[in-house]
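*Asks:* Attaching a single structure in structure tokens format; questions to follow.
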């Protein structure tokens, strides 16, 4: 497990900082904005009274969901996802391209360890960090939920909603890993990770803006729909399955490549 | 000028890649806009009366998506993000590519000052970014032509393209400055990219407040507000601010780059 | 006793590009085996195939009787490898890297690290990225030897080491060899191979063109002779001289044979200056190429 420990030592600080920022933002959003957000409901409702009853009724159906802890939380999730996916894809890129970037493939791969084992230890290090980071995020989410949401609490729903970040991050870990293993050269981990994270965000934005259902197949931020999880207690199976399949498929592809590729001389 | 040409050549592939992103985003966005607008008519009327925080939560700050122009402005808001990430990449790449590729010894032992070399590298990058803003204009025109609208929005696209260029310029020069200031180039790149992320987060915070005040100065993403660009011209004050910031950051970049020890990373 | 390294018809193509073709090697346990050839001949390809860094296209290769691909992990625990160019992780002290390296082997290497570092006078607490090329190389040497491997594979190991350090390095390698380690030593510098090897294989354009003991090579070895005479020498000739080139007072040729006969012949000439040196490798290879062609 020395590779696992080695990778953990080299990456935990970065993940800790990201986690600190994200948990801080979450706390800021809920404590800072939730009360005002909930209060504004009255104003909206009185305004809705002036609209045609059919519309008011249709819209009113959504009011309970919109003006709730879950409503604001799901809104914030879009932005947490940017942070989380930059972190996760960066982690994948960083770990799986480390020897390539620092030109010491020879060093690691002439050690008496099967390549599959090396890959697994790196993956385990990444998973450990993401799980710990998200455990903190989830615990914080649930604590805020208990503190700020009115009864009845649906802890199961909140738990599922909060863990959608972990699932999304795992997908982006796979994306990072597969790029790291396939690319001939990685010039900047942070540059690629930022581009990947924002690409996910922009696809998501485009999808919401156009309300084009077919776009959702290529919108990773919405494979695990936080709002749906919060209000229905389940992700949409089709998209969640795509997400899981992509996560596993990409990681398997990265594994296959990592264990087979010829390592050229420098 | 051969260095400049070489830089142009090596920047072409990334440019095409980013252009593809821009193309898909604008074309898909605009071609699909009528559907979104049909929905938007009613929503906008409603939303304009909502408290600000609710509007932001629904992702519709400062806009009127019942009109094509309002819709276009929202689209541009996101294109700015794309452009900012690209600009930051261009800035840090221009400064530190040779160090990353460990070819700096080859280049920086030629009889040219470092500033001479850096200037050409930055200029080539800037050419690409300017081209990017032009393509934004071009794609907008081409896509909207498919919609057969009765109003000509050419000035609108132009205003947004100029704004995009100015905002990108700030990120470009910030990234170049960070890359020139840090010995380890990955740290420089990271600082540049984090600036994009942090200022974007700040822009969202800006949207949340009814009266955000000075926050605007801290985030180039809000130097040109949708509402302002829609109504009139690009605010000259902020345009000047962008250029001034860029000059200042680039100046620091040149000074730091002349002084620092070059080495592989 | 079995072979430390044995390959039969070992072949590697990179797509369509030739790497190595039908390489047959048999390195006995306990010997120092030289592997020479010009750049691009296939030395590194052979070594990297042996180490499992690249996959062979055909043939087979074993180390200590174990298959280089199937039993790679077992083999690698017995092998120490020093590449020509050394790069290591950023932001690490030498001792951190070496401890990390040691952690891959099931033995305690702490003492060996200190011993080797002392022998090479290497400062273990310095960051590797701040080290000179030579010092990085030393880290590489310690890294390759710290687990007392049974087989040591060196791929052009001496570049970047000053002559003094080279001597220390060769002494280290010889001591390892006396301890029982087999050494595969690839180089394009004939002199250093001659210095410590028992046998050498010569590789050219991906194929082994010759395999002989150093004693043999010495007997056949060429000297490059050039001299300046006071007046032009008419039709210089000497038994054992080849590739004679004359240009006014300048004469040069390759010589193979008794060195005394050469010196006696030279002594009879009005010399202003004379130089007897090891021929460039290319010149030696020229000889092998010619041999190879006549035999075919």
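Chains as they are written, first to last, in this note's numbering: chain A, 1 to 266; chain B, 1001 to 1265; chain C, 2001 to 2296.
Beta carbons are placed, not taken as given, at the ideal position from N, Cα and C, and that holds for glycine.
Quantities reported herein were computed from a predicted structural model and do not represent experimental measurements.
Output the distance between the C-alpha atoms of residue 2033 of chain C and residue 2107 of chain C, rounded to the nearest integer angstrom.
*Replies:* Distance between the alpha carbons of residue 2033 of chain C and residue 2107 of chain C is about 27 angstroms.
*Asks:* With 8 angstroms set as the bound, which would you pick, yes or no: does the beta-carbon of residue 1004 of chain B sit closer than that to a beta-carbon of chain A?
*Replies:* It does not; no Cβ of chain A falls within 8 angstroms.
*Asks:* Taking the C-alpha atoms as reference points, what is the distance between residue 1226 of chain B and residue 1161 of chain B?
*Replies:* Rounded to the nearest angstrom, the two C-alpha atoms are 12 angstroms apart.
*Asks:* Go ahead and pull the three-state DSSP assignment for residue 2212 of chain C.
*Replies:* Strand at residue 2212 of chain C.
*Asks:* Closest to residue 2114 of chain C by C-alpha separation, out of C:2139, C:2105 and C:2231, would be which residue?
*Replies:* For residue 2114 of chain C, the nearest C-alpha among the options comes from C:2139.
*Asks:* Beta-carbon separation of residue 1243 of chain B and residue 1088 of chain B under 8 angstroms?
*Replies:* Their beta carbons are not under 8 angstroms apart, which means residue 1243 of chain B does not touch residue 1088 of chain B by this criterion.
*Asks:* Buried or exposed: residue 1134 of chain B, going by 16 or more other Cβ atoms within 10 Å of its Cβ?
*Replies:* Result: exposed.
*Asks:* Any residues in the region 184-198 of chain A with a beta carbon nearer than 7 angstroms to a beta carbon of chain B? Which ones, in chain order?
*Replies:* Those would be 187, 188, 189, 190, 191, 194, 195 and 198, in chain order.
*Asks:* Could you tell me the distance, in whole angstroms, from the CA atom of residue 1186 of chain B to the CA atom of residue 152 of chain A?
*Replies:* Near 49 angstroms, if we compare the C-alpha coordinates of residue 152 of chain A and residue 1186 of chain B.
*Asks:* Counting only the same chain and skipping the five closest in sequence on each side, list residues whose C-beta sits under 7 angstroms from that of residue 1205 of chain B.
*Replies:* Once the five neighbours on either side are set aside, the close Cβ partners of residue 1205 of chain B are 1215.
*Asks:* Does the beta carbon of residue 154 of chain A come closer than 8 angstroms to any beta carbon on chain B?
*Replies:* Closer than 8 angstroms: no.
*Asks:* At what residue ranges does the region 2086-2128 of chain C contain a whole run of the alpha helix (DSSP H), taking only runs of 4 or more?
*Replies:* Qualifying alpha helix (DSSP H) stretches, in chain order: 2094-2102 and 2110-2119.
*Asks:* For chain B, find out if any of its Cβ atoms is closer than 8 angstroms to the Cβ of residue 205 of chain A; answer yes or no.
*Replies:* True, the Cβ-Cβ gap to chain B drops below 8 angstroms.
*Asks:* Check the DSSP bridge columns for residue 113 of chain A and list the partner residues they point to.
*Replies:* Answer is none; residue 113 of chain A lacks a bridge partner.
*Asks:* Tell whether a beta-carbon distance below 8 angstroms holds between residue 2095 of chain C and residue 2125 of chain C.
*Replies:* Cβ atoms of residue 2095 of chain C and residue 2125 of chain C: closer than 8 angstroms.
*Asks:* What's the gap between the Cα of residue 2275 of chain C and the Cα of residue 2226 of chain C?
*Replies:* Distance between the alpha carbons of residue 2275 of chain C and residue 2226 of chain C: 5 angstroms.
*Asks:* Is there a C-beta anywhere in chain A that falls below 8 angstroms from the one on residue 2270 of chain C?
*Replies:* Output row for residue 2270 of chain C: interface = no.
*Asks:* Given a limit of 8 angstroms on CB to CB distance, which residues of the region 2106-2128 of chain C reach chain A?
*Replies:* Answer in chain order: no residues at all.
*Asks:* For residue 251 of chain A, count neighbouring Cβ atoms within 10 angstroms of its own Cβ and tell me buried if that reaches 16, exposed if not.
*Replies:* Its Cβ being crowded by 16 or more others within 10 Å, residue 251 of chain A is buried.
*Asks:* Out of C:2003, C:2054 and C:2084, state which residue places its alpha-carbon closest to the alpha-carbon of residue 2012 of chain C.
*Replies:* Among C:2003, C:2054 and C:2084, the Cα nearest to that of residue 2012 of chain C is on C:2054.
*Asks:* Relative to the alpha-carbon of residue 2110 of chain C, which residue among C:2121, C:2098 and C:2120 has its alpha-carbon at the smallest distance?
*Replies:* For residue 2110 of chain C, the nearest C-alpha among the options comes from C:2098.
*Asks:* Can you tell me whether residue 2246 of chain C is helix, strand or coil according to DSSP?
*Replies:* DSSP places residue 2246 of chain C in strand when its eight states are reduced to three.
*Asks:* I'd like the ranges of any alpha helix (DSSP H) spanning at least 4 consecutive residues and lying wholly in the region 1137-1189 of chain B.
*Replies:* For the region 1137-1189 of chain B, whole alpha helix (DSSP H) runs of length 4 or above, ordered along the chain, are 1154-1181.
*Asks:* How many angstroms separate the CA atom of residue 2163 of chain C from the CA atom of residue 2031 of chain C?
*Replies:* Using only the alpha carbons, I get a separation of about 24 angstroms.
*Asks:* Tell me the rounded alpha-carbon separation between residue 2102 of chain C and residue 2143 of chain C.
*Replies:* Their Cα atoms are separated by approximately 8 angstroms.
*Asks:* How many Å lie between residue 220 of chain A and residue 1096 of chain B at the Cα?
*Replies:* Distance between the alpha carbons of residue 220 of chain A and residue 1096 of chain B: 32 angstroms.
*Asks:* Do you know whose CA, among A:2, A:182, A:184 and A:231, lies nearest residue 72 of chain A's CA?
*Replies:* The candidate whose alpha carbon is nearest that of residue 72 of chain A is A:231.
*Asks:* Just checking: is the beta-carbon of residue 2292 of chain C within a distance shorter than 8 angstroms of some beta-carbon in chain A?
*Replies:* Here the model assigns residue 2292 of chain C a pLDDT of 45, short of 50, so the residue's position is not dependable, and the following value carries that caveat. No, residue 2292 of chain C does not count as interfacial toward chain A.
*Asks:* Measuring straight from C-alpha to C-alpha, what distance separates residue 70 of chain A and residue 1252 of chain B?
*Replies:* Spanning the two alpha carbons is a distance of roughly 46 angstroms.
*Asks:* Mind checking the region 211-234 of chain A against chain B and listing, in chain order, the residues whose C-beta falls within less than 9 angstroms of any C-beta there?
*Replies:* Listed by position, the residues of the region 211-234 of chain A near chain B (Cβ gap below 9 angstroms) are 211, 212 and 215.
*Asks:* Determine whether the Cβ of residue 64 of chain A lies closer than 8 angstroms to any Cβ atom of chain C.
*Replies:* Output row for residue 64 of chain A: interface = no.
*Asks:* With the cut-off set at 8 angstroms, would you say residue 176 of chain A and residue 120 of chain A are in Cβ contact?
*Replies:* No; because the gap between Cβ atoms is not below 8 angstroms, this pair is not in contact.
*Asks:* If you measure between the beta carbons of residue 84 of chain A and residue 8 of chain A, is that distance less than 8 angstroms?
*Replies:* Taking 8 angstroms as the Cβ cut-off, residue 84 of chain A and residue 8 of chain A do not qualify as a contacting pair.
*Asks:* Would you report the Cα separation of residue 1173 of chain B and residue 1167 of chain B, rounded to the nearest angstrom?
*Replies:* Distance between the alpha carbons of residue 1173 of chain B and residue 1167 of chain B is about 10 angstroms.
*Asks:* With a threshold of 8 angstroms between beta carbons, is residue 2076 of chain C in contact with chain A?
*Replies:* So, interface residue.
*Asks:* Tell me the rounded alpha-carbon separation between residue 12 of chain A and residue 129 of chain A.
*Replies:* Using only the alpha carbons, I get a separation of about 7 angstroms.
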